[in-house]
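The structure appears right after this line, and notes come after that.
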Amino acid sequence: MDNNELIKLWSTYDTKLDNVLSLNRDIAISLTKQKLDKTISGLYLPKMIAIIIGIPYTILLSLVTIIAICADAYFVALGFGAIAIIMVTTLFVYFYHLYLIRQVKLSGDIISTQQHLSRLKISSYNCLRFSIFQLPFWSVCWVSVDAIFSSSIIYIVVNLCVFMGLSYLAFWLYKQLSLENEEGRIKNFLLSGSEWEPIIKSTKILEQLKGY
Amino acid sequence: MDKKEEKFLSLIEIHKRIIYKVANGYCKEVDEREDLIQEIIIQLWLSLDNYSDQYKLSTWVYRIALNTSISHYRKNKTRKARTTILSPVIELKNDDYQSRFESEDFQLLNKLIQELKEIDKGIFLLYLDGFKYKEIAEIMAISPSNVSSKISRIKKALKLEFKKNKYSNYG
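Chains as they are written, first to last, in this note's numbering: chain A, 650 to 861; chain B, 23 to 193.
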């Protein structure tokens, strides 16, 4: 099939389509009244809510850290401090997401719009993976310096084992949820198809965009 | 019905072919296609206030339809139940359309278009609809030479598939 035949075939389809397509006007109007499915606004709202809740939470974590330092409770300070640092990083990433969402205009050019959308979805996912590293530090928050000196060696060993175990679990989950790990059972268990599909699709689109 | 709704309906009426063709190119399943058409229409409505005269209306519709289609994914049942109206918003008047009007060549072309990668598909749909390389380059934000090389690669692949298909039919 040469070029002219191809174009002719398509334009024949186009003409025929014009005669057989009909617009359901009532449904078109009722769709415009639907506020539930604003794709872009739908991306914005959860991030804003997370930031609004995340800021006071991070301030609280930081205050606990400062108070713990002042009270010489170094393990408490280490635990809450590390969690606060992870939260601050997450908040910065969320602000970056808000910036990306503002950049997304569906009426804009295809390549940059798709780049922004794909980066946004992948970054949201990676942010979720990164926050897993809070896990081991929750076990550190409850360790007391006094107890280490006054209790038996078992206290140290148990706490150390819990910390190491949770660190390993966090690292293992982080690896399991990696985008490269296509067949990960844990990933499939934690994320159902509909949640996973946009992330996979975003990685494929970004891969395609490299060719342009 | 207010002015915006009137303007919107006439926009959809004029460009329903573009919406349908793009959705058809990106979705094989009828249900999914209808879902995508609804999403394109919602996005057109939401973007209508920001429409700028610098673009031709058809180009603007294409941009939104393509961007929505490329990033479209199957919704889960709960989300679908919340947001989807059951009847199709753009439908074929005649259910026999496909069997009556679509030639074997066209069905093969349609199948091959659906198999293209998302971005390539957008470029090729624009090409088939008569957009010039320069216009496609502007819509996609890539260079015209890049558009030209992509299109010639797609055409080459299509040619090969058509040839293969002819041989398998007669051989």
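No residue lacks a Cβ here, since even glycine has one placed at the ideal position from N, Cα and C.
- Among the CB atoms of chain A, one or more fall inside 8 Å of the CB of residue 161 (chain B).
- Going by DSSP, residue 113 (chain B) is part of no alpha helix (DSSP H) but of the beta strand (DSSP E) stretching over 112–114.
- Taken through DSSP and simplified to helix, strand or coil, residue 670 (chain A) comes out as strand.
- Judged by DSSP in its simplified three-state form, residue 801 (chain A) adopts coil rather than helix or strand.
- Residue 24 (chain B) carries a coil assignment under DSSP once its states are collapsed to helix, strand and coil.
- For residue 847 (chain A), at least one C-beta of chain B is nearer than 8 Å to its own C-beta.
- Judged by beta-carbon spacing, residue 848 (chain A) lies beyond the 8 Å limit of residue 780 (chain A), meaning their Cβ atoms are not closer than that value.
- Under a 10 Å Cβ-count criterion, residue 162 (chain B) is classified as buried, with 16 or more other Cβ atoms of the shown protein chains found around its own Cβ.
- In the DSSP assignment, residue 775 (chain A) falls within the alpha helix (DSSP H) that extends over 759–779.
- Rounded to whole angstroms, the gap between the alpha carbons of residue 133 (chain B) and residue 91 (chain B) is 17 Å.
- Remark: three or more beta-carbon pairs, one from each stretch, lie closer than 8 Å, so the stretch 133–144 of chain B and the stretch 33–48 of chain B are flagged as touching.
- Cβ-Cβ distances below 7 Å link residue 796 (chain A) to 804 in the same chain, with the five nearest sequence neighbours on each side left out; the list follows chain order.
- DSSP places residue 87 (chain B) inside the alpha helix (DSSP H), whose first and last residues are 79–92.
- For the C-beta of residue 730 (chain A), not a single chain B residue is nearer than 9 Å; the gap to the nearest is close to 39 Å.
- Here residue 180 (chain B) carries a helix assignment [DSSP, helix/strand/coil].
- Within 7 Å of the CB of residue 745 (chain A), no CB atom of chain B is found; the nearest one sits about 19 Å away.
- The beta carbon of residue 726 (chain A) does not come within 8 Å of any beta carbon belonging to chain B, so the residue lies off that interface.
- Nearest C-alpha to residue 732 (chain A) among A:773, A:743, A:758, A:785: A:785.
- If you look at residue 53 (chain B), you'll find it in the alpha helix (DSSP H) that goes 52–69.
- Of all alpha-carbon atoms in B:66, B:24, B:158, B:95, the one lying nearest the alpha-carbon of residue 37 (chain B) is that of B:66.
- For chain B, the residues of the stretch 655–666 of chain A that bring a beta carbon within less than 9 Å of one of its beta carbons are 655, 656, 658, 659, 660, 661, 662, 663, 665, 666, in chain order.
- In chain order, 672, 673, 676, 677, 680 make up the part of chain A whose C-beta sits under 8 Å from the C-beta of residue 111 (chain B).
- Scanning its chain for C-beta atoms nearer than 7 Å, with the 5 sequence neighbours on each side dropped, one finds around residue 725 (chain A) the residues 717, 790, in chain order.
- For the pair residue 858 (chain A) and residue 760 (chain A), the Cα-to-Cα distance works out to about 7 Å.
- Identification of chain A residues near residue 47 (chain B) by a Cβ-Cβ cut-off of 9 Å yields none; the smallest Cβ-Cβ distance measures about 11 Å.
- With a threshold of 16 other beta carbon atoms within 10 Å, residue 744 (chain A) falls short and is exposed.
- With a cut-off of 8 Å on Cβ pairs, the stretch 148–155 of chain B is in contact with the stretch 651–659 of chain A, counting three or more such pairs.
- DSSP places residue 132 (chain B) inside the alpha helix (DSSP H), whose first and last residues are 126–137.
- In the three-state reduction of the DSSP assignment, residue 795 (chain A) falls in the helix class.
- In the structure shown, residue 830 (chain A) falls within a coil segment according to DSSP collapsed to helix, strand and coil.
- Listed by position along chain A, the residues whose Cβ is nearer than 7 Å to that of residue 128 (chain B) are 658, 662.
- Taking the C-beta atoms as reference points, residue 670 (chain A) is found no nearer than 8 Å to residue 55 (chain B).
- Ranked by Cα distance from residue 115 (chain B), the options A:850, A:652, A:666, A:819 are led by A:666.
- Residue contact check for residue 155 (chain B) against chain A: no CB pair falls below 8 Å.
- The shortest CA-to-CA distance from residue 60 (chain B) to any of B:32, B:73, B:72, B:94 is the one to B:94.
- Under a criterion of Cβ atoms nearer than 9 Å, no residue of chain A is adjacent to residue 175 (chain B); the nearest Cβ is some 10 Å distant.
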